[in-house]
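I have placed the structure first, in the form of structure tokens, so that the comments after it can refer back to it.
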Amino acid sequence: MPRANVMLKLILIMVWRNLIRNPNTYASVLGLIWSLIFYRWSIKVPSIIKGSIEIISNTGLGMAMFSLGLFMALQPKIITCGKTLASLAFAIKFLVGPFIILAASKIIGIHGVLLRVTIVQAALPQGIVPFVFAKEYNLHADVLSTAVIFGMVVALPVTIIYYVVLGL
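Numbering (our numbering), first residue to last: 760 to 927.
Following this line, the structure appears as structure tokens:
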């Protein structure tokens, strides 16, 4: 059995290679560079490019939701990951997540209304993008599909409870 530092080095090399091959990495880096250049020199994006990007982004959300619905429809059960795992995912999302946000906000000095708003935002339902990545990379898409769909249903009462308890 190799030593721990050798294993860590091998894992980091494997992760780096996967990052290099991933087109999302290039898109993120190019988008960041593009934004920095355009912001620094106050360059306006041509309307044809802006319109094209808006069309693609508007289409992306619908396609992601269609993909989620299709994935859920093809599953044998509605809660595909099981009730225990779904309950754990909800506990992490709606209890642990806001608590971590509370702790991190206290550490960096956020308080008052802004602190309460960040806690409520941490309890809001997650978006569809985590499911898209989980499906793309075959990483627990069943758990995320359940969390996204039922998280939207559970989020309303949970958010209202946080809203009332925090006095917003």
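Using N, Cα and C, we set each Cβ at its ideal position, and we do this for glycine too.
For this session: Please go through the same chain and pick out, in chain order, the residues whose beta-carbon is closer than 8 Å to the beta-carbon of ALA928, but skip the five residues on each side of it.
Result: The structure shown has nothing for residue 928, since the chain only spans 760 to 927.
Problem set entry | DSSP state of VAL912 mapped onto helix, strand, coil | helix
Problem set entry | Through-space distance from VAL888 to ILE866, alpha-carbon basis | 29 Å
Exercise. Whole beta strand (DSSP E) runs in the stretch 854-891 with 3 or more residues, listed along the chain?
Worked result: none
For this session: Assign PHE890 to one of two classes, buried (16 or more other C-beta atoms within 10 Å of its C-beta) or exposed (fewer than that).
Result: buried
Exercise. Just the Cα atoms here: how many angstroms apart are TYR896 and ILE770?
Worked result: 17 Å
For this session: From the DSSP output, in three-state form, read off ASN817 for me.
Result: The answer is helix: DSSP assigns ASN817 an H, G or I state.
For this session: Pick helix, strand or coil for ASN781, following the three-state DSSP scheme.
Result: coil
Exercise. Nearest to TYR922 by alpha carbon, out of LEU873, ALA893, LEU898 and GLY886?
Worked result: Checked all of LEU873, ALA893, LEU898 and GLY886; the closest Cα to TYR922 is LEU873.
Exercise. According to DSSP, is SER794 helix, strand or coil?
Worked result: helix
For this session: Please name the residue in ALA881, LEU833, SER864 and GLY871 whose C-alpha comes closest to that of ILE851.
Result: For ILE851, the nearest C-alpha among the options comes from ALA881.
For this session: Output the distance between the C-alpha atoms of LEU827 and VAL912, rounded to the nearest integer angstrom.
Result: 15 Å
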